[in-house]
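Letter by letter, the sequence shown follows residues 20 to 565 of our numbering.
Reviewing the structure listed below.
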Amino acid sequence: MSGNTLYYGDNLDVLRRHIRDETVDLVYLDPPFNSKQDYNVLFAEHSGERSAAQFKAFEDTWHWDPRSEAAYQEIVETGGRVSEVMQAFRAFLGTSDMMAYLAMMAPRLVELRRVLKPTGSIYLHCDPAASHYLKIVMDAIFGPGRFLNEIAWKRTTAHNDPKRYGRIGDRLLFYSNSAKKTFNRVPGEYSPEQLRRYKYKDKDGRYRAENLTAPHFSPTRTIPWRGVPPGADRQWRFSTEELERLYSEGRILLRRDGCPRKDGLKVYIHEAEGAVLQDIWTDIGMGPTAGERLGFPTQKPEALLERIIRASSNEGDLVLDPFCGCGTAVAVAHLLKRRWIGIDVTHLAVNLIKHRLRDTFSEAVRASYTVVGEPEDLTGAEELARSDPYQFQWWALGLVGARRADGKKGADKGIDGRLYFHDEQKGGKTKQIIFSVKSGHLTAPHLRELRGVVEREKAAIGVLISLEEPTKFMRREAAGAGLYEAKGWGKFPRIQLLTVRELLMGATVKYPPTRGEQTFRKAPRAGVNVADSGLPFDADPESNEE
């Protein structure tokens, strides 16, 4: 495949600068939304002077601030139905968080329609708290006639919501760009009624017995066959030749006297399609121990994306996910031989997707896609460090396959990242590597702080990643920290100093190669059956999983 691209950056900017009109066959998006927040809080008004909170990966909240005000003004000034809808929402919702969410979503949905082919479709994955507003926005953008379904997806079995019914479902708003949309029939699961019909079983599987005759008259099909007449005013459903073929294949049940049963045609369950898929999906889930789980807080099941991609695209088509998170849509599209584009605003997500693709499809997958927007040289790394130190930190950790220390900034207690491994060739105890990332001026106390954290955490190894070159004194002090010995693997420096320049040139952390947990849990190889039992399962029903 060719044309696969992973973009780091704001998806609105990427769409406008890089994606041409009518080039995408299918869009799936799961925009972040704060489903944990109390519903009423989403409608609390805020001053337009309220400053935007420092961006944090996976924090799915929206607030009314100068950025959302600017987005609102831009979409309103374009005129047309979208402008009218947004003005009506502003009059109704004021400057609430819900209004901020809609103000940020509207221009992105406008751009997504622009890039869709006439045969293209879009699936917007959303929370029930916002689905009705988003539906009106999409009606304004695509036209009410292009609405196809509001799919209810049952993401968990139960949830205890005090003083109301348990919230266990998400919504998928399905729109097409025209009546010429691509749509492939996707059969649903067998209903209990269907399964009860297949009450017999042999070496080839479960089957039901169907009638070999029909209420019609044909001179060539009313004659007896193997001593059995079809009956009054009836005929055989098949020609004599076809009946003989079925008989020779053992597809016809026999009476005790050895003659064929007129109601004895074997129809196996694997030959029958399930019921036509409806707009309520209860058969897809992802248990808390499912092999495909990567530790990403809003991960969606691969089976969900597989159903969508199979239904609304064909091999070679281009699939776009503008909020690609941990890359489920990207990975499934690649597996199904579609081309793909993924966009995310965090280097943490971009690095996770790269690791996921490598773990799932082998190292060779790297040649099948390009990454746009991440630093490619020292100058780019320095610019990222100046513009956003936290994004620099996540990008640098991604270079060594480490994961962020926790979900909060500034509360790391000297730990920016961790990486786990096992200290023996055949298992052994799980050990950790502590990472500290410094984008500013590097001093000796930074090294001493790392040594103290390694001792406090009882870590095997500590790594200091820096933009600046360590001094000779710092390198001598790091060497003086001694070695960590792993059985069967040898000895490794307990304190290691790596610069971004060295990492970009291919340097790596020195530690035993028996890797356990990496950036997130390792994705299973393509073709490996990772299906969980599905239901019942108890994945967090509050998370708007992607």
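Note that beta-carbon positions come from the ideal geometry of N, C-alpha and C, so glycine has one too.
Measuring straight from C-alpha to C-alpha, what distance separates residue i and residue j?
i           : j           : result
residue 235 : residue 257 : 12 Å
residue 288 : residue 208 : 12 Å
residue 450 : residue 392 : 34 Å
residue 26  : residue 36  : 11 Å
residue 370 : residue 338 : 20 Å
residue 415 : residue 147 : 37 Å
residue 47  : residue 95  : 25 Å
residue 23  : residue 379 : 16 Å
residue 402 : residue 357 : 34 Å
residue 77  : residue 365 : Residue placement at residue 77 cannot be trusted, given a pLDDT of 38 that sits under 50; the coordinates are not used to answer.
residue 181 : residue 461 : 52 Å
residue 151 : residue 193 : 13 Å
residue 266 : residue 232 : 15 Å
residue 124 : residue 153 : 8 Å
residue 90  : residue 84  : 10 Å
residue 411 : residue 167 : 42 Å
residue 386 : residue 224 : 43 Å
residue 171 : residue 303 : 11 Å
residue 494 : residue 517 : 10 Å
residue 43  : residue 406 : 32 Å
residue 212 : residue 395 : 58 Å
residue 106 : residue 93  : 12 Å
residue 441 : residue 532 : 8 Å
residue 108 : residue 165 : 22 Å
residue 159 : residue 323 : 27 Å
residue 423 : residue 222 : 52 Å
residue 189 : residue 174 : 7 Å
residue 82  : residue 367 : 22 Å
residue 475 : residue 346 : 35 Å
residue 521 : residue 400 : 12 Å
residue 156 : residue 353 : 31 Å
residue 242 : residue 144 : 59 Å
residue 191 : residue 404 : 38 Å
Using a Cβ-Cβ cutoff of less than 7 Å, which residues in the same chain neighbour residue i once the five nearest sequence positions on both sides are dropped?
i           : result
residue 480 : 452, 503, 511, 513, 515 and 530
residue 278 : 245, 246 and 247
residue 349 : 340, 343, 359, 361 and 372
residue 32  : none
residue 332 : 44, 45, 201, 338 and 357
residue 126 : 31, 90, 93 and 94
Strictly by DSSP, which residues pair up with residue i?
i           : result
residue 518 : 485
residue 362 : 26
residue 140 : 45 and 195
residue 188 : 173
residue 50  : According to DSSP, which records beta bridges pairwise, residue 50 is partnered with nothing at all.
residue 285 : 228
residue 145 : 190
residue 219 : 226
residue 340 : 361
residue 512 : 502
residue 135 : 43
residue 271 : 284
So what's residue i in DSSP terms, helix, strand or just coil?
i           : result
residue 525 : coil
residue 262 : helix
residue 156 : helix
residue 331 : helix
residue 166 : strand
residue 499 : coil
residue 294 : coil
residue 129 : helix
residue 238 : coil
residue 59  : Because residue 59 carries a pLDDT of 47, less than 50, the predicted location of this residue cannot be relied on, and the following value inherits that uncertainty. Three-state result, residue 59: helix.
residue 205 : coil
residue 280 : strand
residue 254 : strand
residue 389 : strand
residue 299 : strand
residue 38  : coil
residue 355 : coil
Take residue i and list the residues in its own chain whose beta-carbon comes closer than 6 Å to its own, dropping the five residues that flank it on each side.
i           : result
residue 110 : none
residue 28  : 392
residue 485 : 457, 461 and 518
residue 252 : none
residue 336 : 44 and 357
Leaving aside the five residues before and after residue i along the sequence, list all residues of the same chain whose C-beta is less than 8 Å from its C-beta, in chain order.
i           : result
residue 226 : 217, 219, 220, 285, 286, 287 and 288
(request) Could I get the ranges of all uninterrupted beta strand (DSSP E) runs contained in the stretch 406-484, with 3 residues as the minimum, in chain order? (result) 436-443 and 446-457
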